[in-house]
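2 protein chains.
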Amino acid sequence: MQSFTEENYLKIIYHLSLNTESAAQTNAIAERIQTKAASVTDMIKKLADKKLVDYKKYQGVKLTESGKNAAINIVRRHRLWEVFLVEKLNFKWDEVHDIAEELEHIKSPELIERLDEFLAFPKNDPHGDPIPDKNGKLDNTVFIKLSKLKTGDKGLIMGVSEHSSVFLQHLEKVGLTLGKQIRITEITDFDGSVELSIENKQINVSREVAKHILIKI
Amino acid sequence: MQSFTEENYLKIIYHLSLNTESAAQTNAIAERIQTKAASVTDMIKKLADKKLVDYKKYQGVKLTESGKNAAINIVRRHRLWEVFLVEKLNFKWDEVHDIAEELEHIKSPELIERLDEFLAFPKNDPHGDPIPDKNGKLDNTVFIKLSKLKTGDKGLIMGVSEHSSVFLQHLEKVGLTLGKQIRITEITDFDGSVELSIENKQINVSREVAKHILIKI
DNA sequence: CTATAAGTTTAGACAAATCTAAAAAAATAT
DNA sequence: ATATTTTTTTAGATTTGTCTAAACTTATAG
Chain E
1 MQSFTEENYL KIIYHLSLNT ESAAQTNAIA ERIQTKAASV TDMIKKLADK KLVDYKKYQG
61 VKLTESGKNA AINIVRRHRL WEVFLVEKLN FKWDEVHDIA EELEHIKSPE LIERLDEFLA
121 FPKNDPHGDP IPDKNGKLDN TVFIKLSKLK TGDKGLIMGV SEHSSVFLQH LEKVGLTLGK
181 QIRITEITDF DGSVELSIEN KQINVSREVA KHILIKI
Chain Z
1001 MQSFTEENYL KIIYHLSLNT ESAAQTNAIA ERIQTKAASV TDMIKKLADK KLVDYKKYQG
1061 VKLTESGKNA AINIVRRHRL WEVFLVEKLN FKWDEVHDIA EELEHIKSPE LIERLDEFLA
1121 FPKNDPHGDP IPDKNGKLDN TVFIKLSKLK TGDKGLIMGV SEHSSVFLQH LEKVGLTLGK
1181 QIRITEITDF DGSVELSIEN KQINVSREVA KHILIKI
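Protein sequences, first through last, are from chains E and Z.
Read in order, the letters of the first sequence correspond to residues 1 to 217 in the working numbering.
Read in order, the letters of the second sequence correspond to residues 1001 to 1217 in the working numbering.
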């Protein structure tokens, strides 16, 4: 069983290697976990002793099979709690991250299975991220970034790849929320900003925003 | 803000002084918190520095006003989560204590208020214990122990004063659950055991059990 | 009222997780 | 290819909460 802190490291390493497919670097971990590189090195050694990560000095870390299982479990708990907070307690999608960050460390497997059932086995969290099932299986459908679409393309908003409060609040304000149908009406050559129609309204989003909106065609 | 550990001490001190109305003793705290007396002394000093308890060497501790507020808040969180676990996730009343023990340390006040609302502002937890409101106000109705009733007395089961799994499972098995109406049919002089009728059935409970069942006449 | 027992505190050590400062390795630039 | 910068690691200190063993208070029993 891992400590609260160990779990946080595993989760961060998991997220970092998802994006890069390569080993997570000490500094990158330190930045995400809000600590110093020296502390990360210490913890990495501990996780390596426990066979949760593979570690070679100066080469970063990768999760082992068992480290990855542990990480996916944490992700499952986090995302299930996010669903609970939004659907049952009426939190907004930009308010749930920090609370879920605490709830995710409560370990009772029974609790998580019952929560899953209570929520009717949701497939995705409020940001569209897939929820691993109890065997750790993850729906790995990859969605297309809004910024990759062409004029005339239609699709559904399925998720986001940026979870900061400011970003989510912005989407909320302009009406870009999960499940909505959109159609691209124009792409500005100059700055790559995207004009689209959604629920009979025309809105415009910058390329930077479009990069973080995930679409199913 | 208190640490996880400090919160546990506050909670235990609160419960110990409820029963005795006097200062909580070092050894009693140590036993409840599963640690050694020396550790308790250390922590007590820390809590005293933070003005959460009044402490005089060799004289035990009492919660200060602010320590008591903190403790009541923890109790509120614990009991609300117990209601959630039993009513929403279908746990049995003997299964929820340990999980609630973890959940109670999640601090977001917003979370707790929304949970309270989601649960429709329950007044009591699954064992009949009162849930402090958000201002820390506690319904201090005191119920009568089943063991104090006389033959012929009628009443409602309102709570228990013993929360162990074995005890609760026993009550469940013989049908002594919250809200049930009972009538005392006989009290055995010899061992003080109580014969009572509940839902047209006759059952018998030992004096020891009867002492921990709380009744409203 | 003293002797013994029970309960509490102190002193010093330890484990987990962190930090700073300095050293070492790897990456990059000229 | 060497110098410089960036990244990572090591060494040693710090904080939180714990422990053991010994010392000290208070309670209890004769």
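Just so you know, even glycine gets a beta-carbon here, dropped at the ideal spot from N, CA and C.
Rounded to the nearest angstrom, what separates residue i and residue j at their Cα positions?
i                 : j                    : result
glycine 1116/Z    : alanine 38/E         : Per the sequence presented here, residue 1116/Z reads as aspartate, with glycine not at that position. Taking the straight line joining both Cα atoms gives about 43 Å.
histidine 78/E    : isoleucine 72/E      : 10 Å
arginine 1076/Z   : phenylalanine 1004/Z : 16 Å
isoleucine 99/E   : glutamate 1208/Z     : 43 Å
lysine 51/E       : methionine 43/E      : 12 Å
leucine 214/E     : lysine 148/E         : 10 Å
glycine 159/E     : glutamate 21/E       : 21 Å
lysine 145/E      : serine 161/E         : 9 Å
glutamate 1101/Z  : isoleucine 217/E     : 46 Å
aspartate 139/E   : aspartate 133/E      : 9 Å
serine 1206/Z     : valine 1194/Z        : 6 Å
lysine 1211/Z     : phenylalanine 1143/Z : 12 Å
leucine 85/E      : alanine 28/E         : 29 Å
valine 174/E      : tyrosine 1055/Z      : 57 Å
glutamate 1082/Z  : asparagine 1200/Z    : 30 Å
aspartate 153/E   : glycine 128/E        : 21 Å
serine 197/E      : lysine 150/E         : 13 Å
isoleucine 1184/Z : glutamate 1172/Z     : 19 Å
leucine 16/E      : asparagine 8/E       : 12 Å
glutamine 25/E    : lysine 57/E          : 11 Å
proline 23/E      : glycine 60/E         : It is alanine, not proline, that sits at residue 23/E in the sequence shown. When rounded, the distance between both Cα atoms is 5 Å.
valine 1053/Z     : leucine 1080/Z       : 25 Å
threonine 1218/Z  : leucine 1119/Z       : Any property of residue 1218/Z remains undetermined from this structure, which presents chain Z solely from 1001 to 1217.
asparagine 1135/Z : isoleucine 182/E     : 47 Å
alanine 1070/Z    : histidine 1170/Z     : 33 Å
leucine 18/E      : alanine 30/E         : 17 Å
lysine 45/E       : glutamate 6/E        : 11 Å
With DSSP as the reference, identify every bridge partner of residue i, one or two as the case may be.
i                : result
asparagine 124/E : Pro130/E
tyrosine 1014/Z  : DSSP, once it has assigned bridges, lists no residue as partnering tyrosine 1014/Z.
glycine 1159/Z   : Leu1214/Z
glutamate 195/E  : Glu186/E, Asn204/E
leucine 63/E     : Val53/E
glutamine 181/E  : Leu156/E
isoleucine 106/E : DSSP, once it has assigned bridges, lists no residue as partnering isoleucine 106/E.
lysine 1145/Z    : Leu1214/Z
alanine 1100/Z   : Alanine 1100/Z pairs with nothing; no bridge assigned.
For a contact meaning CB atoms closer than 9 Å, what does residue i contact in chain E?
i                 : result
isoleucine 1106/Z : Ile99, Glu102, Leu103, Ile106
Residue i versus chain Z: which residues are under 9 Å apart at the beta carbon?
i                   : result
phenylalanine 118/E : Lys1088, Leu1089, Asn1090
Taking 6 Å as the line, does the beta carbon of residue i fall inside it for any heavy atom of the ligand FAD?
i                 : result
isoleucine 1072/Z : With respect to the ligand FAD, the structure offers nothing, as it holds no ligand at all.
Strictly below 8 Å CB to CB, what residues from chain E border residue i?
i              : result
leucine 1111/Z : Leu85, Leu89, Ile99
Does any CB atom of chain E fall closer than 7 Å to the CB of residue i?
i               : result
arginine 1114/Z : yes
Checklist entry - Between the region 1166 to 1173 of chain Z and the region 1090 to 1108 of chain Z, do at least 3 Cβ pairs fall closer than 8 Å? => result Touching, per the Cβ criterion.
Checklist entry - How about the region 1097 to 1115 of chain Z and the region 1176 to 1193 of chain Z: do they share at least three Cβ pairs that are nearer than 8 Å? => result no
Checklist entry - Quick one: any contact between the region 59 to 71 of chain E and the region 104 to 113 of chain E, if contact means 3 or more CB pairs under 8 Å? => result no
Checklist entry - Below 8 Å, can you find three or more Cβ-Cβ pairs linking the region 1024 to 1039 of chain Z to the region 169 to 180 of chain E? => result no
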